[in-house]
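In my numbering, the protein residues as written are 1130 to 1427. C-beta: ideal position from N, C-alpha, C; glycine also.
Next up, the structure:
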């Protein structure tokens, strides 16, 4: 069984890297995805960040081709191990310097760096190391042991789905909604109070509004309050439209009852206020995004 699992690792890892690599290299939303990553702050340019993401996707595709086409050779496994180690280093840097930035691990993932991102990168490292020891092509073992191969692939696929937050809409979100229908909302009391602020922040950090405004935000949550049916979340930021950086207050407003379990696309209002003049700053946060999605601003 160990030999079978080792021989199937190149297939699993190759498919994973092919999917994530193709999304980055050819995806239509890569520029929007790059805007929320730490790459924008490191490179100080959204276009360069987009190019880096696309180049990373191309490397993933190349490694995937090697794993799938030449699984019994050492090179693809070593390349996958190096690639996974690079992912871990990037995630560690992003977590330490900009924990609110998005992962950018896949074409769909706009959420912040979490333990699941580290787990998936760790699986790439472990899979690459295992692929180095593969001595038989995956298709040969699949023909010899079809039933066992299906079982191994099913277990491995379940693990990959569990650590991929961009696949939550396929299983975790429907499961949570079913739980809410059966047992009621765990965050609401008997009188329908607002959800905890932490739940609102979690929902905000997975929204398009946060991805668009993240290059401006420079702090964690500073203050919050409820007014006129909205929950306001206050952050500090820096707006640099013409090379002259000026401090601003970034205000997000969203439904105080909404959580990730009840909505996947919350309505969020965004306002930038100049700290020196206390006047709203007129800015189009979605400027430069390839796909212009409605983002209410106030």
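Q | Residue from 1396, 1243, 1198, 1171 whose Cα sits closest to the Cα of residue 1260 | A | Here residue 1260 corresponds to residue number 131 of the chain shown, with the count starting at 1. When each option's Cα is compared against that of residue 1260, the closest is 1198.
Q) In terms of residue numbering, what span does the beta strand (DSSP E) encompassing residue 1366 cover? A) What you label residue 1366 is simply residue 237 of the chain shown in a count that begins at 1. Here the beta strand (DSSP E) through residue 1366 covers 1359 to 1368.
Q.
What ranges does the alpha helix (DSSP H) occupy inside the region 1324 to 1403, keeping only unbroken runs of at least 4 residues that lie completely in it?
A. Counting only runs of 4 or more, we get 1326 to 1333, 1337 to 1342.
Q. So residue 1162 is in the alpha helix (DSSP H); what residue range does that whole segment cover?
A. Within the chain shown, numbered from 1, the residue matching residue 1162 stands at position 33. Taken as a continuous stretch (DSSP letters only), the alpha helix (DSSP H) holding residue 1162 covers 1159 to 1164.
Q) Nearest-angstrom Cα distance between residue 1316 and residue 1339? A) Walking along the chain shown from the start, residue 1316 turns up at place 187. Walking along the chain shown from the start, residue 1339 turns up at place 210. Since pLDDT at residue 1316 reaches only 49, below the 50 mark, its modelled position is unreliable, and the value read off the structure follows with that caveat. The alpha-carbon atoms of residue 1316 and residue 1339 are separated by roughly 23 Å.
Q: Find the nearest neighbour of residue 1200 within the set 1134, 1139, 1362, judged by alpha-carbon distance.
A: Here residue 1200 refers to the residue found at position 71 when the chain shown is read from its first residue. Its Cα nearest to that of residue 1200, the residue 1139 stands out among 1134, 1139, 1362.
Q) Between residue 1243 and residue 1251, what straight-line distance do the alpha-carbon atoms span, to the nearest angstrom? A) As a position in the chain shown, residue 1243 is number 114, starting the count at 1. As a position in the chain shown, residue 1251 is number 122, starting the count at 1. Rounded to the nearest angstrom, the gap between the Cα atoms of residue 1243 and residue 1251 is 13 Å.
Q. If residue 1196 sits next to residue 1209, beta carbons under 8 Å apart, how far is it from one beta carbon to the other, in whole angstroms?
A. Locating residue 1196 in the chain shown gives position 67, where the first residue counts as 1. Locating residue 1209 in the chain shown gives position 80, where the first residue counts as 1. Indeed, because the Cβ distance is near 6 Å, the residues count as touching under 8 Å.
Q: Would you give the residue range spanned by the alpha helix (DSSP H) that residue 1414 belongs to?
A: Numbered from 1 along the chain shown, position 285 holds the residue referred to as residue 1414. First-last for residue 1414: undefined, no H or E at that position.
Q. So is residue 1390 buried or exposed if we call it buried at 16+ other beta carbons inside 10 Å?
A. Here the question's residue 1390 lines up with position 261 in the chain shown. Under the 10 Å beta carbon count, residue 1390 is surrounded by 16 or more other beta carbons and is classified as buried.
Q: Give the straight-line distance between the Cα atoms of residue 1211 and residue 1254, rounded to the nearest whole angstrom.
A: Taking the chain shown and counting its residues from 1, the one referred to as residue 1211 is at position 82. Taking the chain shown and counting its residues from 1, the one referred to as residue 1254 is at position 125. The alpha-carbon atoms of residue 1211 and residue 1254 are separated by roughly 7 Å.
(Q) Using only CA atoms, which one of 1392, 1257, 1168 lies nearest to residue 1224? (A) Within the chain shown, numbered from 1, the residue matching residue 1224 stands at position 95. Sorting 1392, 1257, 1168 by C-alpha distance to the C-alpha of residue 1224 places 1168 at the top.
Q: Measure the C-alpha to C-alpha separation of residue 1407 and residue 1256 and round it to an integer number of angstroms.
A: Here residue 1407 is taken as the residue at index 278 of the chain shown, counted from 1. Here residue 1256 is taken as the residue at index 127 of the chain shown, counted from 1. About 53 Å.
Q: Have a look at residue 1320 and residue 1352 and give me their C-alpha separation to the nearest angstrom.
A: Residue numbering aside, residue 1320 sits at position 191 when the chain shown is read from its first letter. Residue numbering aside, residue 1352 sits at position 223 when the chain shown is read from its first letter. The pLDDT assigned to residue 1320 is 42, lower than 50, so where the model puts this residue is not dependable, and the model offers no usable value.
Q) Expressed to the nearest angstrom, what Euclidean distance is found between the alpha-carbon atoms of residue 1147 and residue 1262? A) As a working note, residue 1147 is residue 18 in the chain shown. As a working note, residue 1262 is residue 133 in the chain shown. Near 21 Å, if we compare the C-alpha coordinates of residue 1262 and residue 1147.
(Q) Contact between the region 1146 to 1166 and the region 1262 to 1274 is defined here as three or more beta-carbon pairs at a separation below 8 Å; is this criterion met? (A) No, the region 1146 to 1166 does not touch the region 1262 to 1274.
Q: Could you tell me if residue 1306 is buried or exposed, where buried requires 16 or more neighbouring beta carbons within 10 angstroms of its beta carbon?
A: By one-based count along the chain shown, residue 1306 stands at place 177. Residue 1306 comes out exposed.
**Q.** Buried versus exposed call for residue 1318 [16 or more other C-beta atoms within 10 Å across all chains shown]
**A.** Taking the chain shown and counting its residues from 1, one reaches residue 1318 at position 189. Low per-residue confidence applies at residue 1318: pLDDT is 46, beneath 50, and the placement is therefore not dependable enough to give any value.
Q: Note down, in chain order, each residue of its chain lying with its Cβ closer than 7 Å to the Cβ of residue 1354, except the 5 sequence neighbours on either side.
A: Sequence index remark: in the chain shown, residue 1354 carries index 225 (1-based). Listed in chain order, the non-local C-beta contacts of residue 1354 below 7 Å within the same chain comprise 1361, local neighbours out to five positions each way being set aside.
Q. Can you tell which of 1374, 1383, 1272 has the C-alpha that lies nearest to the C-alpha of residue 1136?
A. Here residue 1136 corresponds to residue number 7 of the chain shown, with the count starting at 1. The shortest C-alpha to C-alpha distance from residue 1136 to any of 1374, 1383, 1272 is the one to 1272.
Q. The alpha helix (DSSP H) with residue 1272 in it runs from where to where?
A. Translated into the one-based positions of the chain shown, residue 1272 becomes position 143. According to the DSSP assignment, residue 1272 belongs to the alpha helix (DSSP H) that extends over 1267 to 1273.
Q | Straight-line Cα distance separating residue 1405 from residue 1248 | A | Within the chain shown, residue 1248 is the residue found at index 119, counting from 1. Within the chain shown, residue 1405 is the residue found at index 276, counting from 1. Rounded to whole angstroms, residue 1248 to residue 1405 spans 44 Å at the Cα level.
Q) Whose CA, out of 1132, 1143, 1144, 1161, lies closest to the CA of residue 1341? A) What you label residue 1341 is simply residue 212 of the chain shown in a count that begins at 1. Residue 1341 has its Cα closest to that of 1161, out of 1132, 1143, 1144, 1161.
Q: Using alpha carbons as the reference points, say which of 1326, 1414, 1213 lies closest to residue 1246.
A: Taking the first residue of the chain shown as position 1, residue 1246 is located at position 117. 1213 is the residue among 1326, 1414, 1213 whose C-alpha sits nearest the C-alpha of residue 1246.
Q: Along the alpha helix (DSSP H) that carries residue 1224, what are the first and last residues, could you check?
A: Position 95 of the chain shown holds residue 1224. Element bounds for residue 1224: 1203 to 1226.
Q | Residue closest to residue 1324, alpha-carbon to alpha-carbon, out of 1335, 1311, 1385 | A | Taking the chain shown and counting its residues from 1, the one referred to as residue 1324 is at position 195. Here the closest residue by C-alpha is 1385.
Q: Could you tell me the distance, in whole angstroms, from the CA atom of residue 1177 to the CA atom of residue 1155?
A: Against the chain shown, residue 1177 aligns to sequence position 48. Against the chain shown, residue 1155 aligns to sequence position 26. A straight-line Cα-Cα distance of about 16 Å links residue 1177 and residue 1155.
Q) Roughly how many angstroms separate the alpha carbons of residue 1189 and residue 1358, rounded to a whole number? A) For the purposes of this step, residue 1189 is identified with residue 60 of the chain shown, where counting begins at 1. For the purposes of this step, residue 1358 is identified with residue 229 of the chain shown, where counting begins at 1. If you take the alpha carbons of residue 1189 and residue 1358, they lie about 46 Å apart.
Q.
Starting from residue 1180, trace the alpha helix (DSSP H) in both directions and tell me its first and last residue.
A. On the chain shown, position 51 is the one that residue 1180 refers to. Here the alpha helix (DSSP H) through residue 1180 covers 1175 to 1198.
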